[in-house]
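Under mature numbering (1 follows the signal peptide of the UniProt record, and there is no 0), the residues of the sequence shown are numbered -18 to -1, 1 to 136, in order.
Notes for the one structure printed next.
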Amino acid sequence: MRALRSFALLAVVVLAAACDDDVTGPRLPTDVTFDPSLNVNLAAMTEVFDGLYIQTLTAGEGGAVETGDRVVVDYTLWLPDGSLIDSGADVAFTLAVGAVIDGFRLGMEGMGIGETRLIVVPSALGYGAAGNQGIPPHSVLVFRVTLDALNPPT
């Protein structure tokens, strides 16, 4: 009986960890203050999915990005306090589940070639309780991404 209770307790702990239930940090964009240099105004943005906000800064043209498409982008990633985490130019990849964080993938869907978009990602669609290199646990993320090419020849 004791082993069964221990197993049940362990299962609860594992499930809680998997659900990102640790509440030690801000998890939603509405929980943080954005550095003015990022020009994030959630009221001017569109919430597209559970705390994921997008704003088109420059309109694009042509087909709309879908999950599974091959894309080439320029991007910059910041924390809400304005700390630069990463950036890249002419980065080619397949926009697929598991290839990038869900918030980035979902935030890019619908973009046209030449479009620049601001994407604000809640913790649950980013790196969650685990964090990542230079990204603390439960971090809200801010991306500025420009779609340079959609399904380019390989």
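By construction, the Cβ of each residue, glycine as well, lies at the ideal position given by its N, Cα and C atoms.
Check whether residue i and residue j have beta carbons under 8 Å apart
i	j	result
residue 45	residue 132	yes
residue 42	residue 129	yes
residue 49	residue 74	no
residue 20	residue 104	no
residue 54	residue 72	yes
residue 102	residue 124	yes
residue 63	residue 17	yes
For residue i: DSSP bridge partner residues
i	result
residue 37	100
residue 16	In DSSP, residue 16 forms no bridge with anything.
residue 70	57
residue 131	54
residue 114	117
Top-ranked residue by Cα proximity to residue i, from the options
i	options	result
residue 51	31, 18, 92, 63	92
residue 94	22, 47, 29	47
residue 134	25, 31, 76, 28	76
residue 66	96, 116, 31	116
residue 82	97, 114, 98	114
residue 31	96, 120, 90	90
Short CB-CB distance (under 8 Å) between residue i and chain B
i	result
residue 109	Among the protein chains of the structure shown there is no chain B, as only one such chain exists.
- Query: Do the region 85 to 95 and the region 47 to 64 meet, that is, are 3 or more Cβ pairs less than 8 Å apart?
  - Reply: Yes, since at least three Cβ pairs between the region 85 to 95 and the region 47 to 64 fall closer than 8 Å, the two stretches touch.
- Query: Is there contact between the region 33 to 40 and the region 109 to 121, where contact requires at least three CB pairs shorter than 8 Å?
  - Reply: As far as the Cβ criterion goes, the region 33 to 40 does not touch the region 109 to 121, which means the pair count is below three.
- Within the region 36 to 68, ranges of the beta strand (DSSP E) (whole runs, at least 3 residues): If we require 3 residues or more, the beta strand (DSSP E) runs fully inside the region 36 to 68 come out as 52 to 60.
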